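Input: a single structure, listed below in structure tokens.
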Amino acid sequence: MKIINQTSNNECGICCINMIINHFYHSQKDRKHEIYSLVDNLEKNGLNIFEMEDILDHYKIETNSYECEWEEIFNFDKPLILVVKNGEVFHYIVGKIKNQYLYTYDPLGSKKKFTKEIKMTNFTGYVISTNFYKQKIKPININLKLIKNISIGMNLIFIFINIFQFIFSILLSYFLSKLMNLNYANTFEESLWKFSFIYVGLLLISELFAYIEKLVKNYYFLRVYPKSINLFWKTINRHNLKFFNNYSKHELLQIYGYVHKIINFYSFFGSQIFSESIIYIFSIIIGSIINKNNLLFFLIIAILNLFIMFINTRFDKRIINFNIKSNPVFEKNVLDFFEYKKTNYCNLKDKNIAKELQMKINSVLFKTIEVQNNKSILDLFDKVINLLIQYVIIIITIKYSNNFGLIFLNMNIINLYSQSLKNILEFWKEFLNNQIIIEIVKKIYSQNSAHKKPKYEIEKIKNIECGSTIFNKNICINKNDLTNFEFIKNLINLNDPQNNIKINNIYLKDLKSLDFLHKKIIYITPKSNLIQIHNHSISLNILEILDQLESEEINIYATLLELEKHKNKIIIINENFNNIKNQFLLNEIKKILININQNNFLISNNSNNFLMDIYENFI
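Just so you know, we're using full-length UniProt numbering here: the sequence shown kicks off at 1 and counts up by one.
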């Protein structure tokens, strides 16, 4: 990485942005003038973290700000901007991890190397991570790329085996019909032994082909299948953490199961359709030679099977969509129920919550049973219809012939026709089902591609709802109340295990991407001392008392001045203003908080007694 040198004291942030842009765009261009045009007014101490994030976002570079320990820096695989301290002044440098070393690029002109053991003494603990939106995670074209490793030769072998199995099944039926006729005619024992020997030989050859078919499939799963499934893992590994945060482990397991099913199906789809089509055509030809009435039976069987497949496909589509939506929900509701019972066993007030969870669990179970019962009834109807057709065929064939061997051969041909037709329709039904699954999986991939901006971004934060409590403007949190403390902790961590937090009447659990929320949350702690006091125009009265203030008080005041610039943010202040003794400063802070509260959603703890008149809601 080429160092971009700063030419003034307040230019380090701009130089670091330039280096990050050059890294992702693979250039060594000096873009400082270009970046300056994006800055409204570069103040004496340079850019702050929020301004840097906005500029990098303009170049399609995703950013996240962290407060982290030194060792945690080595977990990042993309360039970072580190906040360091040069004397009393804060300074930005770029860091890059390579081979377990941290290489730093300072706009002042120096390049250094650090390890976990050799620490940077002036590191403040704050970093800005970066990633490139345009580093696309291409969704897999599942129906093509996942099966590109499949051997054409192997599929030809599979077709060859299927056709020979059909030929041998016809020959077996023929020789068995001959055996039946010999037996009824009481012909020579020598002929009976001869046909019996041929029949057993054909049966053994048929079993041998069935064994070869298994060997071919085993070869595929040992040699070819891993290459195909590795494409799935490769794609999954290209996703960042946000992909996995959007799905539970049960949902991810289900996604993997569906991809596995797609690969398995497409591996032999072509060869199976081709071989079954040949069997279907030859069954019609041979059946029509034996008995012309068979053509009518073939037509009736085809119409009935098409009707049953049409109904079955509708059920299967319902089952696929229902399983994808309900299984993870069902498992989560069961886990939530047991967790709730474990933590609230003696609490008699909230029995309604337990009942609600039980109703959710039961509704999923009843729906599953209903869908499965409907499908079972349809399968039974299919079997009964086929048995009736076979019975009618036997009656009609006996009318036209007393040759029992021929009747047996005719029945076998019709059964082969019926089975091949069912297989073709089953493959087609599976093909349609897999198209549904493919669309679902592709949608999952594309929704979580790093280059896509969040789809559900909320432009204006009007209220936050936690359970039955609605906070129209701001919240005062009681740290001793575990429930509400967990609510804030979940909000900060962009996590919502209880599924009961709403922002602007939209449940967090319904938002597929929470990236936007991270950008909107500002969490203020006593360590939030990145902004220096003289960045701002402040009153003469404050200047007069600056020397009397503690450094922590100065940092609090400077941070709040910085927050006054922001609009439509969720600002969480975990800071105890009661420790501030200077009454004039307290009044100034209150004025600033009132201004912040007009344009943002303010959250604080209720140990700030002097702020009580600002808050409309108390917890």
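C-beta atoms are modelled at their ideal positions from N, C-alpha and C, and glycine is treated no differently.
Keep in mind it's a predicted model, so treat the numbers as computed, not measured.
Beta-carbon contacts of residue i that lie in its chain and below 8 Å, excluding the five residues immediately before and after
i, result
"Ile93", "Cys12, Cys16, Ile81, Leu82, Val84, Thr104, Tyr105, Asp106, Pro107"
"residue 620", "In the structure displayed, the chain extends from 1 to 619; residue 620 sits before or after that span and is not available."
"Val39", "Ile14, Leu47, Glu51, Ile55"
"Phe74", "Ile97, Gln100, Leu102, Lys116"
"Phe381", "Ile308"
"Ile290", "Leu406, Leu409, Asn410, Ile413"
Per DSSP, the bridge partner or partners of residue i
i, result
"Lys112", "Thr104"
"His91", "Val84"
"Val127", "Tyr66, Leu82"
"Ile377", "Its beta-bridge partners do not exist; DSSP assigns none."
"Phe132", "Ile61"
"Ile413", "DSSP output for Ile413 lists no bridge partner at all."
Residues of its chain near residue i, where Cβ-Cβ distance is below 7 Å and the 5 sequence neighbours each way are ignored
i, result
"Asp77", "Ile97"
"Phe298", "Ile284, Gly287, Tyr417"
"Ile592", "Leu560, Leu561, Glu564"
"Lys422", "Asn305"
"Gln6", "Cys12, Cys15, Pro107, Leu108"
"Tyr59", "Ile21"
"Leu295", "Ser288"
"Ser129", "Thr63, Asn64, Tyr66, Phe76, Lys78, Leu80"
"Arg31", "Asn18, Ile21"
"Gln272", "Phe427"
"Ile278", "Ile163"
"Ile205", "Phe168"
Own chain, CB closer than 6 Å to residue i, minus 5 neighbours either side, in chain order
i, result
"Asn595", "Glu564"
"Met120", "Phe114"
"Ile385", "Leu304"
"Glu69", "none"
"residue 629", "Outside the displayed range of the chain (1 to 619) lies residue 629, so it cannot be described from this structure."
"Met411", "none"
"Asn599", "Lys567"
"Lys2", "Gln28"
"Asn122", "Val84, Lys85"
"Ile4", "Cys15, Asn18, Met19"
Any non-hydrogen atom of the ligand HEM closer than 6 Å to residue i Cβ
i, result
"Gly287", "As for the ligand HEM, it is missing from this structure, which has no ligand bound."
Under the three-state DSSP convention, the category residue i falls into
i, result
"Lys98", "strand"
"His33", "helix"
"Lys383", "helix"
"His566", "coil"
"Gln165", "helix"
"Val329", "Unreliable positioning characterises Val329 in this predicted model, as indicated by a pLDDT of 49, which lies under 50. A coordinate reading is not provided."
"Ile4", "coil"
"Leu299", "helix"
"Asn143", "Note that Asn143 has pLDDT 41, beneath the 50 cutoff, so the model's placement of it is unreliable and the number below is only indicative. Reduced to three states, the DSSP call for Asn143 is helix."
"Glu43", "coil"
"Asn9", "coil"
"His23", "helix"
"Asn18", "helix"
"Asn587", "helix"
"Gln272", "helix"
"Thr559", "helix"
"Asp54", "helix"
"Lys429", "helix"
"Met120", "coil"
"Leu156", "helix"
"Leu38", "coil"
"Ile580", "coil"
"Cys346", "For Cys346, the predicted structure reports a pLDDT of 40, less than 50, and the residue's modelled location is therefore unreliable. A value from the coordinates is still provided. DSSP places Cys346 in coil when its eight states are reduced to three."
"residue 622", "This structure cannot speak to residue 622, because the chain is shown only from 1 to 619."
"Phe76", "coil"
"Asn48", "coil"
"Asn291", "coil"
"Gln28", "coil"
Closer than 7 Å to chain D by CB, residue i
i, result
"Asn122", "The chain labelled as chain D is not found in the depicted structure, where only one protein chain is given."
Open item on the list: Across the region 24-34 and the region 62-72, are there enough close Cβ pairs to call them in contact, namely three or more that are closer than 8 Å?
Closed with: no
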